[in-house]
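Using the numbering used here, the first residue of the sequence shown is number 909, and each one after it goes up by one.
Note that the Cβ used here is the ideal one computed from N, Cα and C, for glycine as well.
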Amino acid sequence: MKHKSLKTRVLLSFGAISFFLLVVFGFIFYYFLNQNMIVNVKNDLSSQAHSIKEQLRDAPYGMIDAKDSFALIENNQVVFKSHDFDFKDTEVLLRKNMSFFTQEFKEGLSGIYVLKFSKPFNGAVIVQRDEIDENFENVILIMIILEPILFLLFLFLANRMVDSIIKPLHNINLVAKKISIDNFHGKIPLTHSDDEIEALVKTFNTMIERLKEGVAQLDRFNSDVSHELRTPLTVIRGNIDVALKKDRDIEYYKNSLKLIQSESSNIQQIVEGLLQLSRYTKENIKKSFVHCDLNAILLETIEKYLPLAKAKNITLEIVKFEKATREANPLLIGAVFSNLIDNAIKYTPEGKKIYISLYTKNKIYFIVQDEGIGISPEVLPHITDSFYRVDEARNKKIKGFGLGLSIVKKSVDLHGGRLHVSSSVTKGTT
(Lines of atoms letter the chains of each structure in order from A and count residues from 1; the text may use other names and numbers.)
(Lines give C-alpha, C1' and ligand atoms only; values in the text may rest on other atoms or scores of the structure.)
Protein backbone atom coordinates (compact mmCIF):
# COMPACT_ATOMS: atom_id res chain seq x y z
CA MET A 1 0.00 0.00 0.00
CA LYS A 2 1.43 3.34 -1.07
CA HIS A 3 1.80 5.84 1.73
CA LYS A 4 0.28 9.28 1.29
CA SER A 5 2.72 12.17 1.21
CA LEU A 6 2.86 14.66 4.07
CA LYS A 7 1.37 17.33 1.81
CA THR A 8 -1.58 15.08 0.86
CA ARG A 9 -2.28 14.19 4.48
CA VAL A 10 -2.16 17.83 5.59
CA LEU A 11 -4.47 18.94 2.76
CA LEU A 12 -6.93 16.11 3.45
CA SER A 13 -7.02 16.98 7.14
CA PHE A 14 -7.36 20.70 6.43
CA GLY A 15 -10.05 20.03 3.81
CA ALA A 16 -12.08 17.84 6.17
CA ILE A 17 -11.88 20.41 8.97
CA SER A 18 -12.74 23.28 6.59
CA PHE A 19 -15.71 21.37 5.14
CA PHE A 20 -17.01 20.57 8.62
CA LEU A 21 -16.65 24.19 9.78
CA LEU A 22 -18.36 25.55 6.66
CA VAL A 23 -21.29 23.14 7.11
CA VAL A 24 -21.60 24.06 10.79
CA PHE A 25 -21.37 27.74 9.90
CA GLY A 26 -24.09 27.26 7.27
CA PHE A 27 -26.50 25.67 9.74
CA ILE A 28 -25.77 28.30 12.38
CA PHE A 29 -26.22 31.08 9.83
CA TYR A 30 -29.49 29.52 8.63
CA TYR A 31 -30.80 29.23 12.18
CA PHE A 32 -29.98 32.81 13.20
CA LEU A 33 -31.21 34.20 9.88
CA ASN A 34 -34.54 32.43 10.36
CA GLN A 35 -34.81 33.63 13.95
CA ASN A 36 -33.92 37.15 12.92
CA MET A 37 -36.57 37.10 10.19
CA ILE A 38 -39.21 35.95 12.66
CA VAL A 39 -38.24 38.65 15.15
CA ASN A 40 -38.31 41.31 12.43
CA VAL A 41 -41.75 40.21 11.22
CA LYS A 42 -43.03 40.15 14.77
CA ASN A 43 -41.68 43.63 15.42
CA ASP A 44 -43.21 44.91 12.17
CA LEU A 45 -46.58 43.37 13.04
CA SER A 46 -46.47 44.80 16.54
CA SER A 47 -45.59 48.20 15.15
CA GLN A 48 -48.45 48.00 12.65
CA ALA A 49 -50.88 46.81 15.33
CA HIS A 50 -49.88 49.66 17.60
CA SER A 51 -50.30 52.12 14.73
CA ILE A 52 -53.76 50.72 13.89
CA LYS A 53 -54.87 50.90 17.51
CA GLU A 54 -53.83 54.52 17.63
CA GLN A 55 -55.74 55.20 14.42
CA LEU A 56 -58.88 53.49 15.75
CA ARG A 57 -58.61 55.35 19.03
CA ASP A 58 -58.56 58.63 17.15
CA ALA A 59 -61.28 57.56 14.69
CA PRO A 60 -63.50 54.98 16.45
CA TYR A 61 -65.92 54.80 13.52
CA GLY A 62 -63.28 54.28 10.79
CA MET A 63 -62.89 51.15 8.67
CA ILE A 64 -59.79 49.21 7.65
CA ASP A 65 -60.33 47.12 4.53
CA ALA A 66 -58.81 43.66 4.16
CA LYS A 67 -57.78 43.27 0.52
CA ASP A 68 -56.34 39.73 0.70
CA SER A 69 -58.01 36.48 1.66
CA PHE A 70 -57.18 35.34 5.19
CA ALA A 71 -58.48 33.46 8.22
CA LEU A 72 -57.97 34.12 11.93
CA ILE A 73 -57.54 30.91 13.98
CA GLU A 74 -57.78 30.59 17.76
CA ASN A 75 -57.79 27.29 19.73
CA ASN A 76 -57.91 25.40 16.41
CA GLN A 77 -61.18 27.19 15.58
CA VAL A 78 -61.80 29.71 12.83
CA VAL A 79 -62.88 32.87 14.58
CA PHE A 80 -62.82 35.03 11.46
CA LYS A 81 -62.09 34.70 7.74
CA SER A 82 -62.30 36.89 4.67
CA HIS A 83 -65.19 36.33 2.32
CA ASP A 84 -63.08 34.67 -0.46
CA PHE A 85 -60.97 32.42 1.86
CA ASP A 86 -61.15 28.70 0.85
CA PHE A 87 -60.15 25.87 3.25
CA LYS A 88 -60.16 23.04 0.71
CA ASP A 89 -56.47 23.27 -0.29
CA THR A 90 -54.99 24.67 2.92
CA GLU A 91 -53.17 23.39 6.01
CA VAL A 92 -53.29 25.38 9.24
CA LEU A 93 -50.19 25.25 11.51
CA LEU A 94 -50.34 26.57 15.04
CA ARG A 95 -47.11 27.82 16.74
CA LYS A 96 -47.59 27.57 20.45
CA ASN A 97 -46.23 30.03 23.04
CA MET A 98 -45.83 32.71 20.40
CA SER A 99 -47.81 35.81 19.80
CA PHE A 100 -48.44 35.07 16.13
CA PHE A 101 -49.73 32.22 13.95
CA THR A 102 -48.61 31.08 10.51
CA GLN A 103 -50.83 30.03 7.62
CA GLU A 104 -49.06 28.21 4.74
CA PHE A 105 -50.84 27.07 1.57
CA LYS A 106 -50.29 23.64 0.05
CA GLU A 107 -50.19 25.13 -3.44
CA GLY A 108 -47.25 27.47 -3.97
CA LEU A 109 -44.97 29.06 -1.37
CA SER A 110 -47.16 31.91 -0.22
CA GLY A 111 -48.50 32.30 3.33
CA ILE A 112 -49.40 34.82 6.00
CA TYR A 113 -48.24 35.96 9.42
CA VAL A 114 -50.98 36.91 11.89
CA LEU A 115 -50.70 39.00 15.07
CA LYS A 116 -53.72 39.29 17.37
CA PHE A 117 -54.16 42.28 19.60
CA SER A 118 -56.78 43.37 22.15
CA LYS A 119 -57.49 46.06 24.69
CA PRO A 120 -59.08 48.36 23.91
CA PHE A 121 -59.87 46.74 20.51
CA ASN A 122 -60.02 43.18 19.21
CA GLY A 123 -58.34 42.62 15.86
CA ALA A 124 -55.43 41.15 13.90
CA VAL A 125 -52.68 42.38 11.61
CA ILE A 126 -51.78 40.03 8.74
CA VAL A 127 -48.81 40.11 6.32
CA GLN A 128 -48.04 37.84 3.36
CA ARG A 129 -44.86 35.72 3.39
CA ASP A 130 -44.23 35.67 -0.35
CA GLU A 131 -41.56 38.37 -0.44
CA ILE A 132 -40.02 37.32 2.90
CA ASP A 133 -39.72 33.69 1.82
CA GLU A 134 -38.26 34.70 -1.53
CA ASN A 135 -35.56 36.83 0.13
CA PHE A 136 -34.81 34.02 2.57
CA GLU A 137 -34.49 31.50 -0.26
CA ASN A 138 -32.17 33.86 -2.16
CA VAL A 139 -29.88 34.06 0.86
CA ILE A 140 -29.84 30.25 1.16
CA LEU A 141 -29.05 29.95 -2.56
CA ILE A 142 -26.14 32.39 -2.19
CA MET A 143 -24.82 30.31 0.72
CA ILE A 144 -25.08 27.10 -1.32
CA ILE A 145 -23.05 28.71 -4.13
CA LEU A 146 -20.61 30.59 -1.88
CA GLU A 147 -19.62 27.76 0.48
CA PRO A 148 -18.07 25.49 -2.21
CA ILE A 149 -16.21 28.52 -3.59
CA LEU A 150 -14.90 29.32 -0.11
CA PHE A 151 -13.96 25.66 0.37
CA LEU A 152 -11.94 25.62 -2.87
CA LEU A 153 -10.33 28.96 -1.96
CA PHE A 154 -9.31 27.59 1.45
CA LEU A 155 -7.81 24.51 -0.20
CA PHE A 156 -5.88 26.67 -2.67
CA LEU A 157 -4.48 28.87 0.10
CA ALA A 158 -3.70 25.80 2.21
CA ASN A 159 -1.86 24.24 -0.73
CA ARG A 160 0.28 27.37 -1.15
CA MET A 161 0.99 27.50 2.58
CA VAL A 162 1.90 23.79 2.76
CA ASP A 163 4.20 24.20 -0.27
CA SER A 164 6.06 27.04 1.46
CA ILE A 165 6.44 24.92 4.61
CA ILE A 166 7.45 21.71 2.84
CA LYS A 167 9.94 23.33 0.43
CA PRO A 168 12.77 23.48 3.03
CA LEU A 169 12.00 19.86 3.98
CA HIS A 170 12.22 18.94 0.30
CA ASN A 171 15.58 20.74 0.09
CA ILE A 172 16.80 18.83 3.16
CA ASN A 173 15.78 15.58 1.47
CA LEU A 174 17.63 16.47 -1.75
CA VAL A 175 20.81 17.50 0.10
CA ALA A 176 20.67 14.42 2.35
CA LYS A 177 20.51 12.16 -0.73
CA LYS A 178 23.64 13.78 -2.14
CA ILE A 179 25.65 13.43 1.07
CA SER A 180 28.20 10.65 1.07
CA ILE A 181 31.50 9.87 2.74
CA ASP A 182 33.22 11.73 -0.12
CA ASN A 183 30.74 14.58 -0.50
CA PHE A 184 29.82 16.99 2.30
CA HIS A 185 29.55 20.09 0.15
CA GLY A 186 25.75 20.33 0.19
CA LYS A 187 24.18 23.12 2.21
CA ILE A 188 20.52 24.09 2.52
CA PRO A 189 19.70 27.80 1.97
CA LEU A 190 18.15 29.50 4.99
CA THR A 191 14.46 30.49 4.82
CA HIS A 192 14.97 33.68 6.89
CA SER A 193 11.58 33.00 8.47
CA ASP A 194 12.88 32.81 12.04
CA ASP A 195 10.70 29.80 12.83
CA GLU A 196 11.00 26.07 13.53
CA ILE A 197 11.73 25.29 9.87
CA GLU A 198 14.69 27.67 9.79
CA ALA A 199 15.90 26.19 13.10
CA LEU A 200 15.72 22.73 11.51
CA VAL A 201 17.66 23.93 8.45
CA LYS A 202 20.35 25.47 10.68
CA THR A 203 20.58 22.27 12.72
CA PHE A 204 20.88 20.18 9.55
CA ASN A 205 23.61 22.44 8.13
CA THR A 206 25.45 22.29 11.45
CA MET A 207 25.17 18.50 11.40
CA ILE A 208 26.67 18.43 7.90
CA GLU A 209 29.59 20.57 9.09
CA ARG A 210 30.13 18.26 12.06
CA LEU A 211 30.09 15.19 9.84
CA LYS A 212 32.45 16.91 7.43
CA GLU A 213 34.79 17.81 10.28
CA GLY A 214 34.55 14.30 11.74
CA VAL A 215 35.34 12.60 8.44
CA ALA A 216 38.19 15.04 7.77
CA GLN A 217 39.52 14.35 11.25
CA LEU A 218 39.31 10.62 10.63
CA ASP A 219 41.09 11.01 7.29
CA ARG A 220 43.83 13.05 8.93
CA PHE A 221 44.17 10.45 11.67
CA ASN A 222 44.45 7.60 9.14
CA SER A 223 46.90 9.57 7.01
CA ASP A 224 49.01 10.56 10.01
CA VAL A 225 49.03 7.04 11.42
CA SER A 226 50.03 5.46 8.11
CA HIS A 227 52.69 8.11 7.56
CA GLU A 228 54.26 8.09 11.01
CA LEU A 229 54.05 4.37 11.68
CA ARG A 230 55.67 3.46 8.38
CA THR A 231 59.20 4.36 9.56
CA PRO A 232 59.26 2.54 12.94
CA LEU A 233 57.48 -0.47 11.47
CA THR A 234 60.01 -0.57 8.61
CA VAL A 235 62.86 -0.43 11.13
CA ILE A 236 61.34 -3.23 13.20
CA ARG A 237 60.64 -5.38 10.14
CA GLY A 238 64.15 -4.79 8.76
CA ASN A 239 65.85 -5.76 12.01
CA ILE A 240 63.76 -8.91 12.31
CA ASP A 241 64.48 -9.91 8.69
CA VAL A 242 68.24 -9.38 9.13
CA ALA A 243 68.28 -11.27 12.43
CA LEU A 244 66.51 -14.26 10.86
CA LYS A 245 68.76 -14.56 7.81
CA LYS A 246 71.51 -16.33 9.74
CA ASP A 247 72.59 -17.12 13.24
CA ARG A 248 73.89 -14.16 15.18
CA ASP A 249 75.65 -13.76 18.49
CA ILE A 250 73.68 -12.92 21.62
CA GLU A 251 74.90 -9.32 21.68
CA TYR A 252 73.50 -8.70 18.20
CA TYR A 253 70.11 -10.09 19.22
CA LYS A 254 70.13 -7.93 22.34
CA ASN A 255 70.81 -4.81 20.28
CA SER A 256 68.06 -5.76 17.81
CA LEU A 257 65.57 -6.28 20.64
CA LYS A 258 66.53 -2.93 22.19
CA LEU A 259 65.96 -1.23 18.85
CA ILE A 260 62.60 -2.98 18.44
CA GLN A 261 61.68 -1.95 22.00
CA SER A 262 62.62 1.67 21.27
CA GLU A 263 60.63 1.76 18.03
CA SER A 264 57.66 0.09 19.74
CA SER A 265 57.77 2.81 22.38
CA ASN A 266 57.81 5.40 19.59
CA ILE A 267 54.76 3.78 18.01
CA GLN A 268 52.93 3.86 21.34
CA GLN A 269 53.71 7.56 21.82
CA ILE A 270 52.56 8.37 18.29
CA VAL A 271 49.26 6.51 18.71
CA GLU A 272 48.58 8.07 22.12
CA GLY A 273 49.30 11.53 20.73
CA LEU A 274 47.04 11.00 17.73
CA LEU A 275 44.24 9.66 19.90
CA GLN A 276 44.54 12.67 22.17
CA LEU A 277 44.21 14.92 19.12
CA SER A 278 41.15 13.12 17.73
CA ARG A 279 39.24 12.14 20.87
CA TYR A 280 37.69 15.50 21.73
CA THR A 281 35.70 18.04 19.71
CA LYS A 282 34.08 21.36 20.55
CA GLU A 283 30.77 19.52 20.84
CA ASN A 284 31.81 16.86 23.37
CA ILE A 285 34.67 18.51 25.28
CA LYS A 286 32.44 20.16 27.90
CA LYS A 287 31.11 16.79 29.00
CA SER A 288 34.62 16.01 30.29
CA PHE A 289 35.02 19.29 32.20
CA VAL A 290 35.55 19.21 35.98
CA HIS A 291 36.67 21.83 38.46
CA CYS A 292 40.47 21.94 38.08
CA ASP A 293 43.15 23.36 40.34
CA LEU A 294 45.62 24.47 37.68
CA ASN A 295 48.30 25.24 40.28
CA ALA A 296 48.32 21.64 41.49
CA ILE A 297 48.43 20.27 37.93
CA LEU A 298 51.36 22.56 37.06
CA LEU A 299 53.36 21.67 40.19
CA GLU A 300 52.85 17.97 39.46
CA THR A 301 54.04 18.49 35.88
CA ILE A 302 57.12 20.46 36.95
CA GLU A 303 58.01 17.76 39.46
CA LYS A 304 57.76 15.14 36.68
CA TYR A 305 60.21 17.06 34.45
CA LEU A 306 62.73 18.06 37.13
CA PRO A 307 64.95 14.97 36.58
CA LEU A 308 65.07 15.67 32.82
CA ALA A 309 65.96 19.33 33.45
CA LYS A 310 68.64 18.42 36.00
CA ALA A 311 70.18 15.97 33.53
CA LYS A 312 70.87 18.95 31.23
CA ASN A 313 71.69 21.30 34.10
CA ILE A 314 68.64 23.41 33.20
CA THR A 315 66.92 25.46 35.89
CA LEU A 316 63.10 25.54 35.96
CA GLU A 317 62.33 28.91 37.54
CA ILE A 318 58.80 29.89 38.58
CA VAL A 319 58.48 33.65 37.99
CA LYS A 320 54.82 34.22 38.82
CA PHE A 321 52.52 31.75 40.52
CA GLU A 322 48.98 32.83 41.45
CA LYS A 323 45.90 30.81 42.30
CA ALA A 324 44.13 29.70 39.12
CA THR A 325 41.08 27.43 38.91
CA ARG A 326 38.50 26.76 36.19
CA GLU A 327 36.21 24.14 34.67
CA ALA A 328 38.41 22.14 32.31
CA ASN A 329 39.56 18.74 31.14
CA PRO A 330 42.46 17.89 33.51
CA LEU A 331 44.12 15.50 31.03
CA LEU A 332 44.27 18.12 28.29
CA ILE A 333 45.44 20.84 30.69
CA GLY A 334 48.16 18.47 31.87
CA ALA A 335 49.08 17.80 28.22
CA VAL A 336 49.43 21.55 27.60
CA PHE A 337 51.74 22.00 30.59
CA SER A 338 53.74 18.85 29.78
CA ASN A 339 54.29 19.54 26.08
CA LEU A 340 55.33 23.16 26.55
CA ILE A 341 57.78 22.34 29.35
CA ASP A 342 59.04 19.27 27.47
CA ASN A 343 59.66 21.31 24.30
CA ALA A 344 61.44 24.01 26.30
CA ILE A 345 63.78 21.45 27.89
CA LYS A 346 64.46 19.72 24.54
CA TYR A 347 65.43 22.89 22.69
CA THR A 348 67.28 24.68 25.53
CA PRO A 349 71.05 24.18 25.72
CA GLU A 350 72.66 22.89 28.90
CA GLY A 351 73.14 25.34 31.74
CA LYS A 352 70.32 27.67 30.65
CA LYS A 353 67.06 28.62 32.37
CA ILE A 354 63.37 28.11 31.66
CA TYR A 355 60.96 30.64 33.17
CA ILE A 356 57.42 29.50 34.06
CA SER A 357 54.45 31.70 35.06
CA LEU A 358 50.82 30.98 35.93
CA TYR A 359 48.55 33.84 36.94
CA THR A 360 45.09 35.34 36.51
CA LYS A 361 44.37 38.76 35.03
CA ASN A 362 40.78 38.69 33.77
CA LYS A 363 41.92 35.53 31.99
CA ILE A 364 44.28 32.72 32.99
CA TYR A 365 47.80 33.03 31.59
CA PHE A 366 50.37 30.22 31.39
CA ILE A 367 53.75 31.29 30.06
CA VAL A 368 56.87 29.22 29.34
CA GLN A 369 59.96 31.18 28.26
CA ASP A 370 63.20 29.41 27.35
CA GLU A 371 66.72 30.42 26.33
CA GLY A 372 66.85 27.86 23.55
CA ILE A 373 67.75 27.77 19.88
CA GLY A 374 64.64 29.71 18.81
CA ILE A 375 62.49 29.38 15.69
CA SER A 376 62.95 31.24 12.41
CA PRO A 377 60.08 33.53 11.25
CA GLU A 378 59.35 31.54 8.06
CA VAL A 379 58.56 28.31 9.92
CA LEU A 380 56.84 29.85 12.95
CA PRO A 381 53.31 29.68 11.39
CA HIS A 382 53.69 25.90 10.86
CA ILE A 383 54.87 24.76 14.28
CA THR A 384 51.36 23.71 15.39
CA ASP A 385 50.81 21.49 12.32
CA SER A 386 50.76 17.78 13.07
CA PHE A 387 54.18 16.07 12.65
CA TYR A 388 55.86 19.33 11.69
CA ARG A 389 59.39 19.75 13.06
CA VAL A 390 61.76 22.64 12.56
CA ASP A 391 64.67 21.71 10.30
CA GLU A 392 67.28 23.14 12.66
CA ALA A 393 66.11 20.77 15.32
CA ARG A 394 66.34 17.66 13.15
CA ASN A 395 69.14 15.82 14.84
CA LYS A 396 69.52 12.59 16.71
CA LYS A 397 69.94 14.27 20.07
CA ILE A 398 66.42 15.80 20.02
CA LYS A 399 63.73 13.18 19.69
CA GLY A 400 60.14 13.98 18.86
CA PHE A 401 57.30 13.45 16.42
CA GLY A 402 56.00 16.97 15.84
CA LEU A 403 52.78 16.28 17.75
CA GLY A 404 53.42 18.26 20.94
CA LEU A 405 52.39 21.73 19.81
CA SER A 406 49.51 20.28 17.76
CA ILE A 407 48.13 18.79 20.97
CA VAL A 408 48.73 22.08 22.81
CA LYS A 409 46.99 24.13 20.08
CA LYS A 410 43.94 21.90 19.92
CA SER A 411 43.66 21.61 23.72
CA VAL A 412 43.81 25.39 24.12
CA ASP A 413 41.23 25.88 21.33
CA LEU A 414 38.86 23.36 22.91
CA HIS A 415 38.97 25.36 26.15
CA GLY A 416 38.26 28.62 24.34
CA GLY A 417 41.80 29.90 24.81
CA ARG A 418 44.49 31.20 22.48
CA LEU A 419 48.04 30.01 21.87
CA HIS A 420 50.59 32.73 21.16
CA VAL A 421 54.19 31.90 20.20
CA SER A 422 56.98 34.44 19.80
CA SER A 423 60.56 33.45 19.06
CA SER A 424 63.95 34.76 18.07
CA VAL A 425 66.69 32.57 16.64
CA THR A 426 69.45 31.82 19.22
CA LYS A 427 67.60 33.82 21.88
CA GLY A 428 64.72 31.54 22.76
CA THR A 429 60.99 31.07 22.49
CA THR A 430 58.00 32.21 24.57
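Residues that Ala1236 bridges to, as DSSP identifies them: What you label residue 1236 is simply residue 328 of the sequence shown in a count that begins at 1. DSSP, once it has assigned bridges, lists Val1198 as partnering Ala1236.
Nearest-angstrom Cβ-Cβ length linking Ile1264 and Val1227, presumed shorter than 8 Å: Position 356 of the sequence shown, counted from the first residue, corresponds to residue 1264. Position 319 of the sequence shown, counted from the first residue, corresponds to residue 1227. The pair is a contact, with the Cβ atoms about 7 Å apart (cut-off 8 Å).
Endpoints, beta strand (DSSP E) assigned at Glu1261: Your numbering for residue 1261 matches position 353 in the sequence shown. Just to set this straight, residue 1261 is Lys in the shown sequence, not Glu. Counting along the chain, the beta strand (DSSP E) containing Lys1261 begins and ends at 1261-1269.
Paired residues, beta bridge with Phe1064 - DSSP: The residue you call residue 1064 lines up with position 156 of the sequence shown. Answer is none; Phe1064 lacks a bridge partner.
Same chain, Cβ closer than 6 Å to Val1244, neighbours up to 5 away in sequence not counted: One-based indexing of the sequence shown puts residue 1244 at position 336. These residues qualify, in order along the chain: Val1316, Ser1319.
Selection from Leu1152, Ile1272, Gly1259 that minimises the alpha carbon distance to Gly1324: Looking up residue 1324 in the sequence shown gives position 416. Nearest C-alpha to Gly1324: Ile1272.
Cβ shell of Val918 (< 8 Å), same chain only, five flanking positions each side left out: As a position in the sequence shown, residue 918 is number 10, starting the count at 1. Hits under 8 Å: Ala1066, Val1070.
Burial state of Gly1146 (16 or more Cβ within 10 Å): Translated into positions along the sequence shown, residue 1146 becomes position 238. By the 10 Å Cβ count, Gly1146 comes out exposed.
Proximity to Lys1260 [Cα-Cα], best of Lys1335, Glu1235, Leu1240, Phe1229: Locating residue 1260 in the sequence shown gives position 352, counting from the first residue. It is Lys1335 whose Cα lies nearest to the Cα of Lys1260.
Start and end residues, beta strand (DSSP E) containing Leu1224: Counting from 1 along the sequence shown, the entry for residue 1224 is found at position 316. Residue range 1223-1229 is occupied by the beta strand (DSSP E) that includes Leu1224.
Pair within 8 Å by beta-carbon distance, Met1051 and Phe937: Position 143 of the sequence shown, counted from the first residue, corresponds to residue 1051. Position 29 of the sequence shown, counted from the first residue, corresponds to residue 937. Contact: yes.
Cβ-based burial, Phe1112 [other Cβ within 10 Å; buried from 16]: Taking the first residue of the sequence shown as position 1, residue 1112 is located at position 204. That one is buried.
Residue closest to Leu1239, alpha-carbon to alpha-carbon, out of Leu1206, Asp1250, Ile1222, Glu1191: Along the sequence shown, read from residue 1 onward, the residue named residue 1239 stands at position 331. When each option's Cα is compared against that of Leu1239, the closest is Leu1206.
Close Cβ partners of His1378 (< 7 Å) along its chain, the five nearest in sequence each way excluded: Beyond the ends of the chain as shown, which are 909 and 1338, falls residue 1378; an answer cannot be given.
Through-space distance from Ile1116 to Gly1122, alpha-carbon basis: Locating residue 1122 in the sequence shown gives position 214, where the first residue counts as 1. Locating residue 1116 in the sequence shown gives position 208, where the first residue counts as 1. Rounded to the nearest angstrom, the two C-alpha atoms are 10 Å apart.
Beta-ladder partner(s) of Ile1272, from DSSP: Indexing the sequence shown from 1 puts residue 1272 at position 364. Per DSSP, Thr1268.
Cβ neighbour criterion (16 or more within 10 Å) applied to Thr1114: Along the sequence shown, one-based indexing puts residue 1114 at 206. Flag for Thr1114 reads exposed.
Val1047 versus Phe935, Lys1190, Ser1164, Ala1107, residue with shortest Cα-Cα distance: Taking the sequence shown and counting its residues from 1, one reaches residue 1047 at position 139. Phe935 is the residue among Phe935, Lys1190, Ser1164, Ala1107 whose C-alpha sits nearest the C-alpha of Val1047.
Residue of Leu1119, Gln1169, Ser1173 minimising C-alpha distance to Lys884: Not covered by the structure: residue 884. The range shown for the chain is 909 to 1338.
C-beta contact flag for Glu1171 and Pro1140 at 8 Å: The sequence position of residue 1171 within the sequence shown is 263, counting from 1. The sequence position of residue 1140 within the sequence shown is 232, counting from 1. Yes. Within cutoff.
Ser1330 - DSSP class collapsed to helix/strand/coil: Within the sequence shown, residue 1330 is the residue found at index 422, counting from 1. Coil.
Buried or exposed by the 16-neighbour rule on C-beta atoms within 10 Å, applied to Leu1214: Translated into the one-based positions of the sequence shown, residue 1214 becomes position 306. It is exposed - the Cβ of Leu1214 has fewer than 16 other Cβ atoms within 10 Å.
Nonlocal neighbours in the same chain, by C-beta distance under 6 Å from Ser1196, ignoring five residues either side: The residue labelled residue 1196 in the question sits at position 288 within the sequence shown. Asn1237, listed in sequence order.
Spatial neighbours of Gln1277 in its chain, beta-carbon cut-off 6 Å, leaving aside the 5 residues before and after: Mapped onto the sequence shown, residue 1277 falls at position 369. Contacts found: Tyr1263, Thr1338.
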